[in-house]
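> Structure in structure tokens, see below.
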Amino acid sequence: MSKKVGVDLARCVGCGACVAACPLGVLSLEEGKAAVNPRRHCLECLHCAAACPARAITWEGLTEGELYAPMPEDEVERLVRTRRSTRHFRPDCPDRALLRRVLDGAEYAPSGKNEHLNRWTVVLGKEKTDALIPHVLAWGEANGRPELKIQLGRGQNMITCNAPCAIVGHIPAGASNPELDVAIAMATAELLLCRAGLSACWGGYLRRAIQAAPELRQLLDIPEGNVVTGVLLVGWADRERYVNVPWRKPADITWV
Ligand SMILES: Cc1cc2nc3c(=O)[nH]c(=O)nc-3n(C[C@H](O)[C@H](O)[C@H](O)COP(=O)(O)O)c2cc1C
Numbered sequence: 000m001s002k003k004v005g006v007d008l009a010r011c012v013g014c015g016a017c018v019a020a021c022p023l024g025v026l027s028l029e030e031g032k033a034a035v036n037p038r039r040h041c042l043e044c045l046h047c048a049a050a051c052p053a054r055a056i057t058w059e060g061l062t063e064g065e066l067y068a069p070m071p072e073d074e075v076e077r078l079v080r081t082r083r084s085t086r087h088f089r090p091d092c093p094d095r096a097l098l099r100r101v102l103d104g105a106e107y108a109p110s111g112k113n114e115h116l117n118r119w120t121v122v123l124g125k126e127k128t129d130a131l132i133p134h135v136l137a138w139g140e141a142n143g144r145p146e147l148k149i150q151l152g153r154g155q156n157m158i159t160c161n162a163p164c165a166i167v168g169h170i171p172a173g174a175s176n177p178e179l180d181v182a183i184a185m186a187t188a189e190l191l192l193c194r195a196g197l198s199a200c201w202g203g204y205l206r207r208a209i210q211a212a213p214e215l216r217q218l219l220d221i222p223e224g225n226v227v228t229g230v231l232l233v234g235w236a237d238r239e240r241y242v243n244v245p246w247r248k249p250a251d252i253t254w255v
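Anchor point for the sequence shown: position 119 equals 118 in numbering that gives the first Met the number 0, and the numbering is continuous, going up by one each time.
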């Protein structure tokens, strides 16, 4: 249920940017204005506010100044705060040289005991990423994730986001910090991708399915015993155009 998101109809210009950016169809255009469907589950990701050029999205409990945070002047801070998941990609695939530059850069991320045991399997081409979907649906049906099929039927591909490229991060189970090492490198790679003008979305469903389903591991040639700890879906954004930095929950800090 979506309870917090709203639309200031006096401001809404009916451009549909919020509709294009909403991952789960909470927003639609009705009579030329954005409208909220309260029956749809809302992720509260605020992509709608990030995309709205008229700042017409409202949020229960937040003032306009809080919802639309200032754009940071510092380049690195701006990169971090404007990185957002993209779930609609152009079909053309980034080339290997660009992906190699990004993954070589990600190796500069810290690694416990300086082990750097991360391995990357890069799936290139939309027909190859599409071919993974039936396997993930089968895994989802068997593992209590029937929503994946329902979402796909509505045109919401939360599995591969129709990305033309998927970077699968895996690491030998014996590594000192298997999950952390890959996650840190992958988060670094995501920022480098954004800096290069690309976009990404973490593929948690795809990751879990690859980790668990032998036919997917075989298809991707994941070495036996390697833990699949991250998937990044990568390409150029097709629909999402993020123009604002919306509110995000402040850090929950205990100062000692
Ligand atoms: C570990 C992890 C797994 C995720 N898995 C998925 C996924 O399978 N499908 C998807 O569409 N988004 C996935 N996401 C994206 C989150 O939904 C997204 O990060 C969140 O809604 C916040 O939006 P933002 O990335 O734009 O800040 C995942 C993110 C993380 C960090």
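Even for Gly, the Cβ is constructed at its ideal location relative to N, Cα and C.
(1) Could you tell me if the beta carbon of Y67 falls within a distance shorter than 8 Å of some heavy atom in ligand 1?
(2) Going straight from the alpha carbon of G224 to that of G173, what length do you get?
(3) Taking its Cβ as the centre, do 16 or more other Cβ atoms sit within 10 Å of R162, making it buried, or is it exposed?
(4) Along the chain, which unbroken stretches of the beta strand (DSSP E) at least 3 residues long are found entirely within the segment 14-83?
(5) Tell whether a beta-carbon distance below 9 Å holds between T85 and A199.
(6) In chain order, what residues of the same chain lie with their CB nearer than 7 Å to the CB of C14, ignoring the 5 residues before and after it?
(7) Measuring straight from C-alpha to C-alpha, what distance separates K148 and L78?
(8) Taking the CB atoms as reference points, tell me whether A19 and R238 lie closer together than 9 Å.
(9) Going by C-alpha to C-alpha distance, which of R10, A33 and C11 sits closest to C21?
(10) Below 6 Å CB to CB, which residues in the same chain sit around V101 once its five sequence neighbours on both sides are set aside?
(11) From the DSSP output, read off the bridge partner residues of I252.
(12) When DSSP builds the beta bridges, which residues end up paired with W201?
(13) Taking only heavy atoms of ligand 1 into account, decide whether any of them is closer than 8 Å to the Cβ of M157.
(14) Does the segment 135-143 come into contact with the segment 98-112, if we say contact requires no fewer than three beta-carbon pairs (one atom in each stretch) closer than 8 Å?
(15) Kindly indicate which residue of L219, V121 and V244 has the alpha-carbon position closest to the one of P69.
(16) Is any heavy atom of ligand 1 found at a distance shorter than 8 Å from the C-beta of P256?
(17) As a quick exercise: from E29, G154, V25 and R10, pick the residue whose alpha carbon is nearest that of H46.
(18) If you measure between the beta carbons of P71 and R80, is that distance less than 9 Å?
(19) Among residues of its own chain, excluding the 5 on either side of L231, which ones have a beta-carbon nearer than 8 Å to its beta-carbon?
(20) In this structure, what does DSSP give as the bridge partners for C164?
(21) Regarding S84 and ligand 1, is the C-beta to nearest heavy atom distance less than 8 Å?
(22) From K248 to L23, what does the alpha carbon distance come to, in whole angstroms?
(23) Should N117 go down as buried or exposed, given a rule of 16 or more other Cβ atoms within 10 Å for buried?
(24) Checking 9 Å against the spacing of the C-beta atoms, do V233 and A49 come in under that value?
(25) Beta-carbon separation of A250 and F88 under 9 Å?
(26) Taking only three categories from DSSP, how would you classify P90?
The short version:
(1) no
(2) 9 Å
(3) The amino acid occupying residue 162 in the given sequence is Ala; Arg does not appear at that position. When all chains shown are included, A162 counts as buried.
(4) 26-29, 32-35 and 56-58
(5) yes
(6) P52
(7) 34 Å
(8) yes
(9) A33
(10) A188, L191 and L192
(11) For I252, which the question treats as bridged, DSSP gives no partner whatsoever.
(12) L231
(13) yes
(14) no
(15) V244
(16) Outside the modelled stretch of the chain, which goes from 0 to 255, sits residue 256, for which no answer is possible.
(17) V25
(18) yes
(19) A165, I166, G168, M185, A188, E189, L192, A199, C200, W201 and G202
(20) L123 and V233
(21) yes
(22) 21 Å
(23) buried
(24) no
(25) no
(26) coil
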